Amino acid sequence: MFRLALAATAAVLAVAVAAPVQAADAQLQAAVAGAQRGEAHKARDGARHPVETLTFWGLKPGQTVIEISPGSGYWTEILAPYAKATGGKYVATAADLDNPKLSEGAKKARAAFEAKYADQAKFGPITYVGFGPVSGPLGPAGSADLVITARNVHNWVTQPGMLDKVMKDFHAVLKPGGVLAVEEHRKDPK
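Numbering (our numbering), first residue to last: 1202 to 1391.
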């Protein structure tokens, strides 16, 4: 009888403790499952595990998240709506328009990205900040909870001084206890 009562008490406590986490997970799962995501991005979920990855990185409602060089927007399609739904802020870095050596191709790519994610009903307000070899700060010091860089580090190590610069930029913008989340390529195990 004692064991049954102990097991029942443990089960009730486990559910009570897990309830707030499940609520946040529901918002994240809704963003991952949302209609705002492209089919090509959804097809990559089996390899990139977005819910598990973002949970591991510590994504929480209401956070300020900076995504570094979002590329085609795989994470943007999740993070921007999640920030909108939870009262957070989503910041995307883009080609640094203040860089006098910026190519026309980079300018066009930034304009295309901004146009793709301009629908605030889907993505909420997105803040853009210039990023590159000569860019300034990513935001006010200590203002970001989470900085995410996906499939970028391998490029920075080939550019003299770039890795040091970006790591200093990330450190400066992160709050104390903030997280730098790095996703990189994996080698095919075969």
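Note that the Cβ used here is the ideal one computed from N, Cα and C, for glycine as well.
As the structure is a computational prediction, the values presented were derived from the model and not from experiment.
Any idea if residue i is buried or exposed, counting beta-carbon neighbours within 10 angstroms, 16 or more meaning buried?
{"i": "T1359", "result": "exposed"}
{"i": "P1361", "result": "exposed"}
{"i": "R1245", "result": "exposed"}
{"i": "N1356", "result": "exposed"}
{"i": "T1328", "result": "exposed"}
{"i": "E1240", "result": "exposed"}
{"i": "P1251", "result": "buried"}
{"i": "E1385", "result": "exposed"}
{"i": "H1242", "result": "buried"}
{"i": "F1257", "result": "exposed"}
{"i": "A1224", "result": "Since pLDDT at A1224 reaches only 48, below the 50 mark, its modelled position is unreliable, and the value read off the structure follows with that caveat. Exposed, since its Cβ has fewer than 16 Cβ neighbours within 10 Å."}
{"i": "E1305", "result": "exposed"}
{"i": "A1382", "result": "buried"}
{"i": "A1345", "result": "buried"}
Please report the distance separating the alpha-carbon of residue i from that of residue j.
{"i": "G1259", "j": "Q1237", "result": "23 Å"}
{"i": "A1293", "j": "K1391", "result": "35 Å"}
{"i": "E1315", "j": "V1374", "result": "22 Å"}
{"i": "S1270", "j": "W1276", "result": "10 Å"}
{"i": "L1229", "j": "G1272", "result": "21 Å"}
{"i": "G1288", "j": "A1227", "result": "15 Å"}
{"i": "D1299", "j": "N1353", "result": "21 Å"}
{"i": "M1363", "j": "D1389", "result": "27 Å"}
I need the DSSP call for residue i, collapsed to helix, strand or coil.
{"i": "E1385", "result": "coil"}
{"i": "G1239", "result": "coil"}
{"i": "D1320", "result": "coil"}
{"i": "D1365", "result": "helix"}
{"i": "A1342", "result": "coil"}
{"i": "T1359", "result": "coil"}
{"i": "V1374", "result": "helix"}
{"i": "L1244", "result": "Per the sequence presented here, residue 1244 reads as Ala, with Leu not at that position. Coil, per DSSP."}
{"i": "K1261", "result": "coil"}
{"i": "G1333", "result": "coil"}
Taking residue i as the reference, give the member of the options with the closest Cα.
{"i": "Y1291", "options": "F1324, A1241 and D1299", "result": "F1324"}
{"i": "A1296", "options": "A1312, Q1228 and R1387", "result": "A1312"}
{"i": "H1372", "options": "L1347, A1351, D1389 and N1353", "result": "L1347"}
{"i": "K1261", "options": "P1271, I1269, A1232 and G1247", "result": "A1232"}
Quick check: does the Cβ of residue i come within less than 6 Å of any heavy atom belonging to the ligand ZN?
{"i": "T1328", "result": "Summarising the ligand content, the structure contains no ligands, and the ligand ZN is consequently not present."}
Hey, is the stretch 1309-1320 in contact with the stretch 1335-1343, meaning 3+ C-beta pairs nearer than 8 Å? no
Do the stretch 1262-1271 and the stretch 1280-1287 meet, that is, are 3 or more Cβ pairs less than 8 Å apart? yes
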